[in-house]
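J.: Residue numbering for the sequence shown follows this note's numbering, starting at 436 and increasing by one per position. Beta carbons: idealized from backbone N, C-alpha and C, even for Gly. Note that the structure is predicted; figures quoted are calculated from it, not measured.
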Amino acid sequence: MKFLSLLFTIITTCYVPIIFGQNENCTRPNYRCDYELSVEKLSETLGKKFNEIVATELGSDYSTHFEVRTASKVSRNQPSDNDLLFTIASKITYKLSSAATILKDMSKAINGNNTPSFTYPCPFNSIRKSVFIKNVELFENMPLDPKSQMLERFKDLKVKRQYYLSHIDYATDKDCVTMPHSNLRYLYHKVVHPASKFVVFIIDNNMSSGSLQHAVRVAREMAYALQSTDVIALKMTNTTGFLKFDDTCSKDGISSLGNATDNNKLLLREYFSLLDIAPSNVSPLTINKELKALLAEKSLPTNKLFVFLTDTKILKNETWLKVFPYSTNDDNMKFAIGLIYENDAARNSSLGIFHMDKWHNHSSNHSVLRLHINNSGVVGQVASAFISLLPDKYQNNLIITEGPLWEATERDFMVSLMLPISSGILGLDLYWSDLAEDIIYFKDLNLKKRAFVMDFTGKVLMHSYFPRPETASEKIKFTHLESVEAYDFIHGVKQEMVSKSSGNFTVTDQSSSKSIIYSWRWVEKLYIVCIVSETVGKSFFNKTNISLARSNKEILFHRLDLFPPKNGKICRHFKQIATIDQGTVYLSPSSFQSPFTYLYDMGNGHEAVTYMQNYLAYLKSVAHGLLSNPGLKNEIQQDVGFLNSLLTFYKNQHLHGTYSKYIVRRYAVTESGVLVMYPGTVLEYDYEPVRRPWYTYALENPDKIVLTPPNLDVGGAGYVVSISYALKNPLHPTIVVSMDVTMGFLYKLLIDSMPLCEKAHIKCFIMNNRGYLVSHPGLMDPNSSGPIEQQHITHKESMIATDMLNHKGFVTKRLCSNFYDKTIQRFYEFNTSLPNILSNAVSGDHCVHYYISAIPGTNAFIGLVNASCVAASFCPCSMVDRLCLNCNRMEQTDCECPCECTSEIYECPNTNFTKFNQEIPLCGMMPENNNHKSHYFHNFAETLQACFDFQCETYSTRSSCLGILGCEWCQVDSDGHSQLSTPYCTSQSLCFNGVLGAVTPYGEGTLGHVSRDVTGNYLGPIAGCIVTISLVIAVAIYCYRQNVTTASCHNLYVDGPAETWPDADVQMSHLQSDDTHDLSGQDKLLPAMEIEAPISPYRVVTGYRRPHTAGGSDHGYSTMTPHEDSEATGFSVNDPIILSDDTKSDISCPLPAKIKPRLKAGDLSVTVLPCGKNSVLAPVTVHRHMEAS
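1) DSSP beta-bridge partners for Glu777?
2) When the Cα atoms are used, what is the spatial distance from Tyr1263 to Thr1417?
3) What is the DSSP secondary structure of Ser1394, reduced to helix, strand or coil?
4) Across which residues does DSSP place Gln597 in a beta bridge pair?
5) Please work out which residues of its chain come closer than 7 angstroms, Cβ to Cβ, to Gln1423, disregarding the five sequence neighbours upstream and downstream, and give them in chain order.
6) Alpha carbon to alpha carbon, how far is Met541 from Gln597? Give it in angstroms, no decimals.
7) Would you grab the beta carbon distance between Leu1208 and Val1171 for me? Rounded to a whole angstrom, and I think it's under 8 angstroms.
8) Just the C-alpha distance for Phe553 and Thr607, rounded to the nearest angstrom, thanks.
9) Can you look up Glu732 in the DSSP assignment and give me helix, strand or coil?
10) Can you round the beta-carbon distance between Leu520 and Val964 to whole angstroms, since I take them to be within the 8 angstroms contact cut?
11) Span of the alpha helix (DSSP H) holding Met1112?
12) Could you tell me the alpha carbon to alpha carbon distance between Lys476 and Tyr1419, rounded to whole angstroms?
13) Nearest chain D C-beta to Ser515 closer than 8 angstroms, yes or no?
14) On the three-pair Cβ rule with 8 angstroms, is the region 1037 to 1056 touching the region 1106 to 1118?
15) Tell me the start and end of each unbroken alpha helix (DSSP H) in the region 687 to 766 that is at least 4 residues and wholly inside, in chain order.
16) Would Pro1137 be called buried (16 or more neighbouring beta carbons within 10 Å of its own) or exposed?
17) Rounded to a whole number of angstroms, what is the C-alpha to C-alpha distance between Ile689 and Asp682?
18) Hey, Ser762 and Tyr776: beta-carbon distance below 8 angstroms or not?
19) From Asp996 to Ile1012, what distance separates their C-alpha atoms?
20) Within the continuous alpha helix (DSSP H) that includes Leu472, where are the two ends?
21) Give every residue of the same chain whose Cβ lies closer than 8 angstroms to the Cβ of Val1109, excluding the five residues on either side of it in the sequence, and list them in chain order.
22) Measuring only the C-alpha atoms, how far is Lys1198 from Ile527?
23) Roughly how many whole angstroms lie between the Cα atoms of Pro1362 and Arg1126?
24) Suppose the cutoff is 6 angstroms on Cβ atoms and the five residues either side in sequence are ignored; what does the same chain contact list for Ser918 look like?
25) Between Phe636, Val635, Arg620, which has its C-alpha nearest Pro629's C-alpha?
26) So, at 6 angstroms on beta carbons, what are the nonlocal neighbours of Val928 in its own chain, with the 5 sequence-adjacent residues on each side left out?
27) Is Arg1249 near Glu492, with beta carbons less than 8 angstroms apart?
28) Can you tell me which of Asn738, Glu905, Leu870 puts its alpha carbon nearest to the alpha carbon of Ser533?
29) Between which two residues does the alpha helix (DSSP H) containing Ile1015 stretch?
30) Taking 8 angstroms as the cut-off, decide whether the C-beta atoms of Gly838 and Ser819 are in contact.
31) Taking the C-alpha atoms as reference points, what is the distance between Ile1201 and Gln1260?
32) If I'm right that Ser478 touches Ile1290 with Cβ under 8 angstroms, what's the distance once you round it to whole angstroms?
33) Compute the beta-carbon to beta-carbon distance between Tyr866 and Asp847, rounded to the nearest angstrom, for a pair I have assumed lies under 8 angstroms.
34) Count Cβ pairs between the region 1180 to 1197 and the region 1288 to 1306 that sit closer than 8 angstroms; are there 3 or more?
35) Please give the ranges of any beta strand (DSSP E) in the region 1019 to 1100, keeping only runs that are unbroken, at least 3 residues long and fully inside the region.
36) Mind listing, in chain order, the continuous alpha helix (DSSP H) runs of no fewer than 4 residues lying wholly within the region 1199 to 1235?
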């Protein structure tokens, strides 16, 4: 036995250098070895291996696993653009007409001029609740009479809110005092004071902190009620000059005057949050001169309002009245003083408004209003009263449509229909996601169509490339058509659209010789719905007369907690409810004729169970027409039967397949959004698989196996990689099959195929065609402290990335436009048709050599690095955001991380970037990541028995343990740097990433406090009690102090008209609702539930960073924003442009950030550097080949 072992050692020692090094000195660090043949062979081996995996584990040869029962022909022809437009426009028209009818009925209930404002339901009490209005008679007044076109479900009109805004209380509902009505006051003044306004805030900060706080709150509420066309300025009495607002189009990027936009309101809020009392003021005459100079600075709106917020010092010294720049020849200029009275005894304050036109003329009736400022509703009422000093102008009994406006509490836009009457404004709020659902879920099987809806000014309000509002990480920014369809001819197309109620317009793009057809239809002279088609060669994705087989297999719905398997049991697969007896079927929102109605129904608590029972009964019905369709698309029943037959094969492979111990789950989805999964799993109801990276990238890379970079599987499996493949066949619908494997499995494939990858000076990695790493030693190293998700080749191998840029046929830096957040994305594109092995482009005697080859049949590359030293290379990345460090130019040979620049500069008047902007293509639909709400029943799952026993302790070597589900090779002690004397294989939760007791991204582990011998700790409960008591005392003291200073702990300033949540400390616990922790009603279905992020296959971009271990530094990664960097990549449909090496601009300064970082008190002491023509000012992290051995 010893002889055989010795013989094996000798053979291995001799064999490895011959095959992989071609030289016995290959292992010498300072000797250059040629690994080209080795890398070529490795790429071929991996290509065959991935093809084998997809064929045997996912059934890419689908016909061999399809069980035919009965076959039927189903037509899947897409309707023509004109027919589709008619349907979309008719549905929107119906909903708007229904709301208008209700609004007119409401006006009959208002009696006289003494009716106060009311809101139903109250804001915050109405989260995920709406007014269901059912009125069959509405059909009788329909202008287009779309009875035959509409589903019966559309008789249920979903109204977010009904309200009446009265003139007598300045649009403030006193019964909803816990929530300021900023959105409603915004709408009120939009109707009553539609003309542009110039509002100047003069705030005296030489008064008590309580008075200053009241003044700031009033000014803030006034700002929220203003329109984006209004102009604002802020003057503090203790300093000279004005607050500087963002002005992208000005030379310095700032201005003393700013439009009341979202960004400027946010900047105002941040400034107010840092404001403190001042020991003295400048003289009133100095302020007067500054205000006069401000009036002469540039053209201003006709209506002007100056508001001076101060305390009673003005009654003792009337010199302060001279701050106002009185004018005898301007009747449109109004002056008002907000006088704050403090009552120390009652610990309360009141505020009086003095109209200075009357006071200045010595009138005795100068007070307009005086109220006690004891809650947020009063503050809003005072703010609204100030604006009401301006002249009003509106027409009664004419319905006005406003919006869409962002409402942060709903993660959606609202469209408001308002009817002015003599005593006030009546209104209804509708969900924009309801009105525009057919645009949001617009399906284009050819990837060459897009749809949008715009208003008559040309502003695009919804686009099929927009993210779904509920999943958007930031508020979607509406932009003009010229920025979306950036062609020379678009102006003519726009003129046709706004002048004709419907039509088609065909143009030819000279640069690409393709024809573009614009088809449009009006919606009640409010909106224009448009579909854009690009004529290209016939797509393989168009199918007619598809042969579909119906399976008699039992259908198991994914809600296992509600509909458990009849002949099986539910169990726990990592952290999720699952079953191994059968796979499950999931219907996504895009599977329904009305996706919004489905989402609305699923958020309706116990009623959701009834809806799901109806869906399940319809899917199980064998005879067509036996049960009425509960709202599903026509092809869904056939798709479910088609995919359900695949689950038997998935189950057999998962339980007995060669790679079963490395695969977390298998799943398949059709183009209609039907998904099946094994093991059967509970999914969140708003999960949309056809928008996920693994699906969209598979469609964009036909006939290629797609590897998606590691993402955290919040289902509990750790970091996983998705392997997906698109199945295209005229005989069945387009299907994407996919599976999640452990990150360790990919690395195991590498080292098993090429053992040399484990050598100290050798690194092997896999990256995708955007340069994002799929496998890399740095992602597996327990001594590394950087992030794992969204790691780019420029992050880990900056020297190689710099050199690769010299290979012009291999890598290209590209641009594309994300118009919904007004950014220009920069990213890399690698040529997957690379015919040869790529190596160092710069000749010379290097100590770092690399070899890269495309993996055949995939979107990925294999790379090998031979580093005998630590080499330096400069590849800058921003440490605080995703902004490029120099937005003025982009050179092909300059290494930089994927980043973005603002495109708002292109919207400035007289800009010379118009032509440049036209050359930047659209990024296309960005894949969704899990940065939104989710509903996972982890607590419920913890009570269940595990589905699988991974038996980690049975694996005795690192090689055998690597990649096994739920297992980690534990090699670093709990101190984070000491190596264990005897490494071992154990559960992932006990030794995440190889560090004993490391805190996992799921909150498990106790780094620094775990040893293998620990059996218990009696100090935990005692420490927990002490911490709990301390927190209770702290909260009590805080609330007491708040009551002393502001009379309330619930002064919320949240729902601004422009997505502004004014106070950073607003918690969901503040919301006045019995079930505010549940935004969907899901918690009513299970007694024990925890709201968690969703599981794979839909990913979540987390802020998790591995705990610092040996080495300490994370090289700046801990401050890098993961952003969906997106694979900034899914820039699908269009071919982005390439900038030439000499591309430059004449802008003198770097473009401003699209979002200003939150200011902190410590930021006020920074040194301000001048912004000159050749200056670039940004924090950077320099990557110096940080992963070299």
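T.: The relevant details are as follows:
1) Ser784
2) 43 angstroms
3) helix
4) Tyr555, Leu863
5) Gly1153, Gly1401, Cys1402, Glu1403
6) 9 angstroms
7) So it is not a contact: roughly 23 angstroms between Cβ atoms.
8) 8 angstroms
9) coil
10) 6 angstroms
11) It is not in any alpha helix (DSSP H) - Met1112 instead sits in the beta strand (DSSP E) that spans 1109 to 1113.
12) 32 angstroms
13) Going by chain labels, chain D is absent from the structure shown, which holds only one protein chain.
14) no
15) 697 to 708, 719 to 730, 748 to 751
16) exposed
17) 5 angstroms
18) no
19) 8 angstroms
20) 471 to 493
21) Val1020, Tyr1021, Leu1022, Ser1023, Ser1026, Ile1071, Asp1074, Val1075, Leu1078
22) 57 angstroms
23) 5 angstroms
24) Phe1254
25) Arg620
26) Phe940, Tyr953
27) no
28) Leu870
29) Premise fails: Ile1015 is in no alpha helix (DSSP H) and is neither H nor E.
30) no
31) 24 angstroms
32) 5 angstroms
33) 6 angstroms
34) yes
35) 1019 to 1022
36) 1212 to 1215, 1228 to 1231
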